[in-house]
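Read the structure below first, then the notes.
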Amino acid sequence: MDAVAVIDFETTGLSPLRGDRPTEIAAVLVADGRIVDRYQSLMNAGLPVPPFIERLTGISTAMLRHAPPVEHVMAEVADFVGTVPLVAHNAVFDSRFWDAELSRLGRQRGQSFVCTMLVARRVLPRAPSYKLGALVASLGLPAAEPAHRALADAEMASRLMLRLERELMERFQCVSVTHALLARIQRMPKSQLHAHLVGQGPEVSGLRGSS
1 MDAVAVIDFE TTGLSPLRGD RPTEIAAVLV ADGRIVDRYQ SLMNAGLPVP
51 PFIERLTGIS TAMLRHAPPV EHVMAEVADF VGTVPLVAHN AVFDSRFWDA
101 ELSRLGRQRG QSFVCTMLVA RRVLPRAPSY KLGALVASLG LPAAEPAHRA
151 LADAEMASRL MLRLERELME RFQCVSVTHA LLARIQRMPK SQLHAHLVGQ
201 GPEVSGLRGS S
């Protein structure tokens, strides 16, 4: 797979449409099957952290008082990522915050997100749960600590993405698994995965020895 950036946010709530803002972000660059670089920072958007969020993440309002402003962090991480394709676990959540914060800077996302949760639902239909920690545990992947912190979760999502890539290569004899292929997989019905990968030919799926 070409280089991708795996993103994870911690936030004050579930939706920027309700006024929630980020408290932390991590971006993990993955290339040639391994993590090659990382970015992580707390950020201060001037909002208090609700008690249940503090219990979940360990991030407190007091911690954010000394964190850099959200505008500084988002500009920095956007430059760090550049035009590299994006990945997140439950990407609908992270993409909303990414887009909302870039919009505040007068910037716009130019690349698409792949969601490892959606891909896992299609590639691993018998998984007991599609929560990130549960998938990592069921696949025997290395966990990262502390849980529910941006860098740990981005690293675990990176390992999950690489495991899904390997699963596709082994089961369907893919020569390579691209971000574009994962984007197609996340949109298709589960029942069509095998037919799509085996029946569409190398020009579509990158299959080895298929026609």
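Per UniProt numbering: the sequence shown = residues 1 to 211. Every residue gets a Cβ at the ideal spot worked out from N, C-alpha and C, and that includes glycine. If you're wondering where the values come from, they're calculated on a predicted model, not measured in any experiment.
Where residue i falls, given that 16 or more other Cβ within 10 Å makes a residue buried
i, result
"residue 105", "exposed"
"residue 36", "exposed"
"residue 195", "exposed"
"residue 186", "buried"
"residue 52", "exposed"
"residue 41", "buried"
"residue 165", "buried"
"residue 175", "exposed"
Rounded straight-line distance, which links the Cα of residue j to that of residue i
i, j, result
"residue 95", "residue 113", "7 Å"
"residue 155", "residue 198", "31 Å"
"residue 181", "residue 62", "43 Å"
"residue 13", "residue 173", "41 Å"
"residue 206", "residue 92", "Legend: pLDDT at residue 206 = 45, less than 50; position of this residue unreliable, value from coordinates given subsequently. Rounded to the nearest angstrom, the two C-alpha atoms are 27 Å apart."
"residue 152", "residue 144", "5 Å"
"residue 82", "residue 21", "22 Å"
"residue 99", "residue 109", "6 Å"
Residue i, enclosing alpha helix (DSSP H) - first and last residue
i, result
"residue 22", "That residue, residue 22, is in no alpha helix (DSSP H); its beta strand (DSSP E) goes 22-31."
"residue 35", "Note, residue 35: premise wrong, no alpha helix (DSSP H); beta strand (DSSP E) at 34-42."
"residue 138", "132-138"
"residue 153", "150-172"
"residue 183", "179-187"
"residue 198", "193-199"
Paired residues, beta bridge with residue i - DSSP
i, result
"residue 8", "26"
Span of the beta strand (DSSP E) around residue i
i, result
"residue 212", "Because residue 212 is not part of the residues shown, which for the chain are 1 to 211, the question remains open."
Output the residue ranges of the alpha helix (DSSP H) runs that lie fully inside the segment 70-101 and measure 4 residues or longer, sorted by chain position.
70-81
Which runs of the alpha helix (DSSP H) spanning at least 4 residues fall entirely within the segment 40-66, listed in chain order?
51-57, 61-65
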